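Okay, structure first, notes after.
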Amino acid sequence: MIWTKTICESCGPVTVNADRFRLTLDDEGAGFYRFECPICGHDQTRVASPPVVTVLLSAGGRLTNEHEHGLITDDEIDEFTRGFDGDIWAELGESR
Ligand SMILES: [Zn+2]
């Protein structure tokens, strides 16, 4: 279980279990993630850059398929994640 810091519009910084994130990707691998704030219970949506998407998926976030291209395969995710080489945890504000 990986706890991830993020921001609720109402509550400010909150900590959310990574498997509560729902990701939606565009064709470039960026997209959005959604989560329910553990404090106020409101659904939140945040922009996710490709590195953040990678972190959230590796931490247990779940991919939702809201466009017509079909499910992304594990191979596609592997290929995608090979493109990154930085401290993506820092970008996400993660402390673990
Ligand atoms: Zn909140």
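Position one of the sequence shown corresponds to residue 1 (the working numbering), numbered consecutively onward. Quick reminder that beta carbons are idealized off the backbone N, C-alpha and C, glycines included. Model, not experiment: these values are computed from the prediction.
Taking buried to mean at least 16 other C-beta atoms within 10 Å of its own C-beta, is residue i buried or exposed?
i: L54; result: According to the sequence provided, residue 54 is Thr. The question's Leu does not apply to it. Per the 10 Å Cβ criterion, buried.
i: T15; result: exposed
Here's a check: name, in chain order, each residue in its chain whose Cβ is nearer than 7 Å to the Cβ of residue i, leaving out the five neighbours to either side.
i: T73; result: none
i: L92; result: T4, V52, V55
I'd like the span of the alpha helix (DSSP H) that includes residue i, first residue to last.
i: T64; result: Counting along the chain, T64 falls outside any alpha helix (DSSP H), and DSSP gives it neither H nor E.
i: E76; result: 74-81
Going along the chain, which residues of its own chain have a beta-carbon closer than 6 Å to the beta-carbon of residue i, five neighbours each way excluded?
i: R22; result: R34, R62, T64
i: R20; result: F35
Can you list, in chain order, the residues of its chain whose CB lies under 8 Å from that of residue i, leaving out five sequence neighbours each side?
i: C8; result: V14, C37, I39, C40, H42, Q44
i: F32; result: L23, T24, T45, R46, V47, A48
i: A18; result: M1, I2, W3, T4, L56, A59, G60, G61
i: A30; result: V47, A48, S49, P50, V53
Along the beta strand (DSSP E) that carries residue i, what are the first and last residues, could you check?
i: T15; result: 12-17
i: A48; result: 43-48
Going by DSSP, which residues form a beta bridge with residue i?
i: L25; result: G31
i: E9; result: Answer by DSSP bridge pairing: none, since E9 is not bridged.
i: T4; result: V16
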